[in-house]
Structures are given as structure tokens and as C-alpha cells.
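Peer 1: Numbering (the numbering used here), first residue to last: 292 to 546. All C-beta atoms in this analysis are idealised placements derived from N, C-alpha and C, irrespective of residue type, glycine included. One structure, pasted below without further comment.
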Amino acid sequence: MSRHKTAREPQGGEMSLSGHLKELRNRILVCIVCLVVGVLVCLAFAPEIVEQLTNLGKGYGYQYVYIAPQELLMVQLSVAAIGGLVICSPVLLYEIYAFCAPGLKKSERLTFALAVGFGVVCFCVGVLFAYKVTVPFMLYFLINLSVGTDVASAISIESYVNFLLTVFVIFGAVFEMPVLSVLLTRMGVLKPVWLAKSRKVLIVVIFLVAALITPPDILSQIMVALPMLALFELSVFLCRLAAKGQKEQTADPAK
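See below:
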């Protein structure tokens, strides 16, 4: 215990600038090594992952081609890179928390830890929602646009996989809205009253954002906008709870 204290608090309870930089360097090295290992592991399973993704469309009649010699390889590298980042994300988040924790109060450390934990869960729920609900519906709708026409589908594997990965990342980020709202409320930046009064404007903004971050078709925009609206209402509710808890804590500092 004393050794740990000496390493982190060499001068009257405060770490020197060189100590901070050394710790930051070490933690960045840990993150880089973990990321490289995660990417290599995912690269070994990249063909299976790509096959799993293509199977989502095969049931609806999608046929895939690659139009450049390196295209299939680049797809597998992209999948491996994102998969590696997902695998090592707990380590990355822990290193960020461990670096920031000594400068935070006990309540702030708890808030930070809970935000990280729930943030990971919400992101995974968003990706799962996209995988199970949004993507199948979008693929079914888009392939049926060619029914009754002379246009046959021969989808570039790179375009297809990039489309899926984009949708997964978008939905994972969108599902972070409640966590971000509670954090901003706890920091005093966001007020539940503001959200309630701005509901009509924010609904329009949500549809505009959905139009910007999705492929240029109305179905994709609606499929993104509807969960965002539901998450917005959940965010308002959670912000009210967070604001109420903060007021009680301010009124009774012993808590």
C-alpha cells in the first residue's frame, strides 16, 4: 500500500508532471498492445465473421461480388480492426478510469465507473437491436425495390459490410443517449426542464440527424429516428431522477 502511495504521490500527495507523463505513456502502451492483440485475434476469425454478416442478406436474395483484387482482404481487415477495438474496449476504458480516478472525488469516481459500465451495456444493446431488428428489416425493404424491374442485385462485399458496420456503430452510439444525458445532468450542464421545453424542436433535430447519419433512404432514417425518440424520452425521465438525486444530496451533504 505504501509503495503504491509513493509511486502516485511522491510530493505531498501530488504527482509530478513527469510522473503523470510516465503513467500516461505506460497506460497508452498497454492500450496499444491490447489493441494489437485484439486485432490479431479477430483477424484469425475474420472470414467467419464476414460470412456471418453476409448470411444476413443471403436469406433475402443478396448476391455478393468483389470488384478489386484486394477488396475481400480489406473487408476482413476492417472487421478485424473494429472487432479488436470492441474486444479490448474494457481494458481501454479501465485504463482511462484508472488514470483519471486519483483526481476525482468518491462520488465522481462512482459516477464515472457507472457511466462506463452502462455505456458499454447500452452500446452492445444498440448493436444487438440493429443486428436483430433494424438490419433485417432494411435489407428486406431494399432488396424488394428491385422486384418487378430488370435490375439484378450484385452487391459489392465491401459496400455491404461497410453499410452494416456503419449501421451497428450508429445504433450503438445512439443508444448512449441516456448515459450521456445523465452525465451532463450530474455535471450541471443539462437541465431536465430544458429538455421538456425543447421537446418539439429536438424531435425535428432528431429526424434531421437521422437523415444525416443514415444512407439516403427514408426507411433507414425512420428506423434510426424512432429509437432515438424513445431514447430521448427515456433520457428526460432519467435526467429528472438524476436532478432529483442531486438536489437531495446537496440538501443533505452527509449523503
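Looking at the strands, I want to know which residues DSSP matches up with S447.
Peer 2: As a working note, residue 447 is residue 156 in the sequence shown. V356, per the DSSP bridge assignment.
Peer 1: Could you tell me the alpha carbon to alpha carbon distance between A533 and R400, rounded to whole angstroms?
Peer 2: Numbered from its first residue, the sequence shown carries residue 533 at position 242. Numbered from its first residue, the sequence shown carries residue 400 at position 109. One C-alpha to the other measures close to 16 Å.
Peer 1: Put T440 into one of helix, strand or coil per three-state DSSP.
Peer 2: In the sequence shown, the residue the question calls residue 440 occupies position 149. Three-state result, T440: coil.
Peer 1: For C391, count neighbouring Cβ atoms within 10 angstroms of its own Cβ and tell me buried if that reaches 16, exposed if not.
Peer 2: As a first step, residue 391 must be located in the sequence shown, where it is residue number 100. It is exposed - the Cβ of C391 has fewer than 16 other Cβ atoms within 10 Å.
Peer 1: If you run the structure through DSSP and keep just helix, strand and coil, what is Y351?
Peer 2: The residue you call residue 351 lines up with position 60 of the sequence shown. Assigned with DSSP and collapsed to three states, Y351 falls in coil, not helix or strand.
Peer 1: Taking the alpha carbon of T457 as the point to measure from, which residue in S511, Q361, G479 and L363 has its own alpha carbon closest?
Peer 2: Sequence index remark: in the sequence shown, residue 457 carries index 166 (1-based). When C-alpha distances from T457 are compared across S511, Q361, G479 and L363, the shortest belongs to S511.
Peer 1: Cα separation between V418 and L455?
Peer 2: What you label residue 418 is simply residue 127 of the sequence shown in a count that begins at 1. What you label residue 455 is simply residue 164 of the sequence shown in a count that begins at 1. Their backbone Cα atoms lie some 10 Å apart in a straight line.
Peer 1: Any contact between the stretch 321 to 338 and the stretch 375 to 392? By contact I mean 3 or more CB pairs, one from each, below 8 Å.
Peer 2: Judged by Cβ distances under 8 Å, the stretch 321 to 338 makes contact with the stretch 375 to 392, as three or more pairs qualify.
Peer 1: Going by DSSP, what residue range makes up the alpha helix (DSSP H) through P381?
Peer 2: Stepping through the sequence shown from its first residue, residue 381 is reached at position 90. Residues E362 to C391.
Peer 1: Distance, Cα to Cα, S437 vs E449?
Peer 2: Indexing the sequence shown from 1 puts residue 437 at position 146. Indexing the sequence shown from 1 puts residue 449 at position 158. Roughly 20 Å separates the two Cα atoms.
Peer 1: Taking contact to mean 3 or more Cβ pairs, one atom from each stretch, closer than 8 Å, check whether the stretch 462 to 475 and the stretch 408 to 415 are in contact.
Peer 2: yes
Peer 1: Do V515 and A487 have their C-beta atoms closer together than 8 Å?
Peer 2: As a first step, residue 515 must be located in the sequence shown, where it is residue number 224. As a first step, residue 487 must be located in the sequence shown, where it is residue number 196. Cβ distance not < 8 Å, so V515 and A487 don't count as in contact.
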